Amino acid sequence: MFGYLIDMDGVIYRGSDLIPGAAAFIEQLKANQVPFLFLTNNSQRTRRDVATKLVRLGINVTQEHVYTCAMATARFLAQQKPGGTAYVIGEGGLLHALHHNGYSIVDKDPDYVVIGEGRTISYEMVEAALNMILKGAKLVATNMDPNCPTANGSRPGCGAIVAMLEAASGVKAFSVGKPSPLMMRGARKQLGLDATHTIMIGDTMETDILGSVQMGYRSILVLSGGPQPEDVPRYAYRPDKIVQSLADLDHQALVEEFTPSLASRMLAAAS
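Position one of the sequence shown corresponds to residue 38 (my numbering), numbered consecutively onward.
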């Protein structure tokens, strides 16, 4: 069975507006009992908060359908150092995920400095993080997105804050969010799929499509989030399919389209 990893901003909604065709595609997946997860590199909200936003937009899902970079980061840290400590620049979604995975939030001598999105970041917080890193705390980013879309345009994202700390400390951050294999693999395993039956739908070449190519997933680029088809050839990798929006997708048609290629892949792997 095929299943889907689906980006949200630019694919399901833009700001507070539902993109036409998104609700119908998700209902189609639910009606056919097709497994899917919504993936986001935004660490601000908990997955319950994300699910609530989707429900209010007309997408009837639960928090079990949501997988955030905050969750992926917290699970990774819990595996690396169970019961550890972290100094956090970020908001509720990241703090909740860390607490849920047994981490304590501290403001002195942390095991990790963890960076997520935030709307109230101060220079004092960045200075504190820098000195902790210089004293040996390990630098971890929930993602490396340079900016975040807002109703008024965009604001500096997690990657912008991380870049400042990397430049000041000389320490390279470890990033967990898309396109990192940690998040891409973790989401796939949560659905119980193998790589050849996983389809990633996203609107960003540098994260959604790159991550799926690296993992051997099928990938679909939607243009509803802003990318232009003429930009795709400049990348060394490409999506398997390009469509205007989710309104142009039909699950059964995708299964039929990707199945012959699946057989070819399996034959190539055996040779």
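Even glycine gets a Cβ: it sits at the ideal position worked out from N, Cα and C. As the structure is a computational prediction, the values presented were derived from the model and not from experiment.
Classification of residue i by the beta-carbon crowding that lies within 10 angstroms, buried from 16 upward
i, result
"S159", "exposed"
"R271", "exposed"
"H136", "exposed"
"Q81", "buried"
"T296", "exposed"
"E267", "exposed"
"P147", "buried"
"A109", "buried"
"K175", "buried"
"S191", "exposed"
"E128", "buried"
"Y346", "The question about residue 346 has no answer here: the residues shown for the chain are numbered 38 through 308."
"D287", "exposed"
"D54", "exposed"
"M220", "buried"
"T179", "buried"
"M242", "buried"
Selected residue, minimal CA-CA separation from residue i, among the options
i, options, result
"S141", "Y149, G121, E128", "G121"
"H234", "E294, S282, F211, S206", "E294"
"I170", "S206, M38, A115", "S206"
"C195", "E101, L131, E154", "E154"
"A232", "D54, N79, M252, T179", "M252"
"T83", "T157, G130, E101", "G130"
"K226", "P72, L66, L91", "P72"
"H102", "G173, L247, F62, R85", "R85"
"A107", "V87, L167, L91", "V87"
"M172", "P183, L114, Y149", "The question names Met, but residue 172 is Lys in the sequence shown. Looking at the Cα atoms, Y149 is the closest of the given residues."
"A204", "G262, L114, N168", "N168"
Contacting residues, own chain, Cβ-Cβ under 6 Å from residue i (five flanking each side not counted)
i, result
"T77", "M45, T105"
"V322", "Because the chain spans 38 through 308 in this model, residue 322 falls outside it and cannot be assessed."
"L42", "L74, L76, A224, M237"
"L230", "G40"
"I63", "I96"
"G248", "K215, P216, M221"
Assumed close pair residue i, residue j - CB separation to whole angstroms, cut-off 8 Å
i, j, result
"G95", "D240", "Not quite, the Cβ-Cβ distance comes to about 19 Å (not below 8 Å), so this is no contact."
Cβ-based neighbour list, residue i, same chain, cut-off 7 Å, excluding 5 preceding and 5 following
i, result
"M201", "V163"
"P119", "G139"
"N69", "H288"
Residues near residue i by beta carbon distance below 8 Å, same chain, minus five either side
i, result
"M181", "C195, G196, V199, A210, S212, G214"
"A165", "Y124, D144"
"A111", "L131, A134, L135, H137, N138, Y140"
> Touch check for the segment 208 to 222 and the segment 46 to 64: three-plus C-beta pairs under 8 Å?
Replying inline: no
>> Does the structure place the segment 243 to 260 close enough to the segment 279 to 287 that three or more beta carbon pairs sit under 8 Å?
In response: yes
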